[in-house]
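For the sequence shown, the numbering used here assigns the number 593 to the initial residue and increments by one for each residue that follows. What follows is a set of notes on a single structure, which appears directly below.
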Amino acid sequence: MSTEALTARGGDFFCRTPDRIFTAEDFRGDDALMVRTAEEFSRKEVLPIQERLDAQEEPLMRDLVRKAGELGFCGADTSEDYGGLGLPKNLAARMLEMLSLNASFSVTIGITSGISQVGLNLFGTPEQKAQYLPSLTSGEQIGAYALSEPNSGSDALSMTTRADEKGDKYILTGTKMWISNAKWADQFLVMAKVGGEKVSAFIVERDFPGVSVAREEHKMGLKGSSTARLVLENAEVPAANLLHEVGKGHQVAFNALNLGRFKLSSMSIGPAREALRVAADYAQDRRQFGVPISSFGLIEKKFADMAAWFYAAESMIYRCGADIDSAFSALGGTPDGNRLAAEEFAVECSACKVLSTELESLIVDEALQVYGGYGFTEEFPVARIYRDARISRIYEGTNEINRIFMADRHVRRAVEGKTSLSGRADSFISDLCNKAFTAFVETYGTDGFGKKVSQVHLGALSDLLALNYAEQSARLRASQTGGINESLAAHFTNWATGQAARAYQVAIGESVMLPEWARVDISDLARAVYDRRIPIVAH
593 MSTEALTARG GDFFCRTPDR IFTAEDFRGD DALMVRTAEE FSRKEVLPIQ ERLDAQEEPL
653 MRDLVRKAGE LGFCGADTSE DYGGLGLPKN LAARMLEMLS LNASFSVTIG ITSGISQVGL
713 NLFGTPEQKA QYLPSLTSGE QIGAYALSEP NSGSDALSMT TRADEKGDKY ILTGTKMWIS
773 NAKWADQFLV MAKVGGEKVS AFIVERDFPG VSVAREEHKM GLKGSSTARL VLENAEVPAA
833 NLLHEVGKGH QVAFNALNLG RFKLSSMSIG PAREALRVAA DYAQDRRQFG VPISSFGLIE
893 KKFADMAAWF YAAESMIYRC GADIDSAFSA LGGTPDGNRL AAEEFAVECS ACKVLSTELE
953 SLIVDEALQV YGGYGFTEEF PVARIYRDAR ISRIYEGTNE INRIFMADRH VRRAVEGKTS
1013 LSGRADSFIS DLCNKAFTAF VETYGTDGFG KKVSQVHLGA LSDLLALNYA EQSARLRASQ
1073 TGGINESLAA HFTNWATGQA ARAYQVAIGE SVMLPEWARV DISDLARAVY DRRIPIVAH
């Protein structure tokens, strides 16, 4: 489609608007039981020993992973042929959310059940899958993913780790940095350049000659998780452990990250869920001027805001998960088909990652504020949640690099009619989104305008995309379920409208008149949170 044809269609070219969204309310029967079991595991097995986990007391984390594996949590969406449960992405994500009430355990199980397995699931041979997946899905072994290096973070393809073919082996040399699970991992998915040029993926066992793990990083948060460097000094890796094809390791790496960002979204709202719950408990118990602080208007507003932010984040996550499931159903089954399916909603995965992690930060910050000075002490649980939440906006692609990717990639996908990040101009936010992108397409065309536009403008365009996707998802979910959902969606829209107007002004340089805000009973939303002690007040 030409630029002229694209812009002539105006807002309509931002294409696919769903008629229905898969939501938390759709989990029933055995699905709901698995979600409850995941939450019970967190509350009974993980939360009571958080202090000991933070001290990395051995063998607590390994034992937890093994117990989780016995319940199927370590291979929720891996095929039953290899010991997994073979669940849809949405159900696996919902379970992971409930397993993420403690962020250190969340990272550990999220990595070993997620991006350490995704490459094998998408691109592995039957022999590779049979050899390596069952030990991960059972929790017998822990997996890790090794892409970043000391001098290559966001620019991942500038890696210097080298792989040289030598007979029936590859010799790997280099250092990988910020490797989650490094201390406990038995197998690593490692990216290296064959001959110093061709990015390729390898399955590297911890016991291979030349493989070692450096000291633990001294982190601000996530103290119970392991983060260290993976050192490869002429490491000997069997040629059979080359994953996919020489020179196509970027497909393994980036598609693992695509799906990893979707899962990270659920991992981020798990701690936000817990922060909101403990803050609600505290607000009910804490009394000032003779009454619980939960009755104060500004405290009620905090809980209404937190509930609406959570509702929108969850809505966009489940919409994206349902779309990913449909893509794999239609395209998956072969390495090429799996690659196409994993790429299909890459922009939406980035949108979920960016907005859900930033909403997590807002929720956790407001939860701490509810505690006042007590929240700033380690005597109360919100301090740990606050520290741990900060990393969410950094790993699996910083939110900045995701923003740069989203806007440019979105236009390319829109030309093909393959994006759900925006739709017809059915709201103030979607209208701003479409106008902004139409203006940029008219100016820069549809072929890689990301290289021609400042990062500040790209970031603002991506903000419009993410806000539109979330607002549309929340609104659609509310139209299906009714009740208090409508107030949650409306309250989020009120907030998102102001954010979108600012993003539009940055992107286009024009100010806009804001529409009238929807009237929402803040006290009603707050009471619903207090009554149920959970962030999602709709059922």
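C-beta atoms are modelled at their ideal positions from N, C-alpha and C, and glycine is treated no differently. Computed from a predicted model, the values in this text were never measured in an experiment.
- Judged by DSSP in its simplified three-state form, ALA647 adopts coil rather than helix or strand.
- With a threshold of 16 other beta carbon atoms within 10 Å, TRP770 meets it and is buried.
- Excluding the 5 residues flanking it on each side, ASN833 has same chain C-beta neighbours closer than 6 Å at PHE794, ILE795, in chain order.
- Relative to LYS811, the option among SER696, MET687, ALA755 whose CA is nearest is SER696.
- Of the candidates ALA896, ARG995, SER705, ARG995 places its Cα closest to the Cα of VAL1045.
- The C-beta distance from LEU824 to GLY862 rounds to 33 Å, too long to fall under 8 Å, and the pair is not in contact.
- The C-beta distance from ALA905 to LEU947 rounds to 7 Å, short enough to meet the 8 Å contact threshold.
- For the region 619-681, the full-length alpha helix (DSSP H) segments reaching 4 residues or more read 621-633, 642-646, 652-662 along the chain.
- Under the three-state reduction of DSSP, ASN826 is assigned to strand.
- Within a 10 Å sphere around the beta-carbon of SER860 sit 16 or more other beta-carbons, which makes this residue buried.
- For VAL1098, the CB contacts under 6 Å within the same chain, skipping 5 residues up- and downstream, are ALA1052 in chain order.
- By DSSP's assignment, GLY766 forms a beta bridge with LEU824.
- Shown here for ILE1114: same chain residues with a beta carbon closer than 6 Å to its own, the five before and five after excluded, namely GLU892, LYS893, ALA896 in chain order.
- Taking 7 Å as the cut-off, the beta carbon of LYS681 is found no closer than this to the beta carbon of ASP1039.
- For the options ARG976, ILE734, GLY1074, LYS1027, the alpha carbon positioned closest to that of LEU1056 is the one of LYS1027.
- Excluding five sequence positions before and after GLN961, the CB atoms of its chain that fall closer than 8 Å to its own CB belong to LYS894, GLY967, given in chain order.
- Look at the region 708-744 and you find these whole runs of alpha helix (DSSP H), each 4 residues long or longer: 718-729.
- Contact between LEU749 and VAL791 holds, with the beta-carbon distance rounding to 6 Å and staying under 8 Å.
- For the pair of segments examined, the region 676-691 was found to touch the region 618-637: the number of CB pairs separated by less than 8 Å reaches three.
- Contact annotation: ALA871 and SER886 have beta-carbon atoms that are not nearer than 7 Å.
- In the structure shown, the three-state DSSP call for PHE846 is helix.
- Residue pairing by DSSP places GLN779 opposite GLY735, GLU797 in a beta bridge.
- Contact check between the region 778-786 and the region 725-740: three or more CB pairs, one atom from each, fall below 8 Å, which counts as touching.
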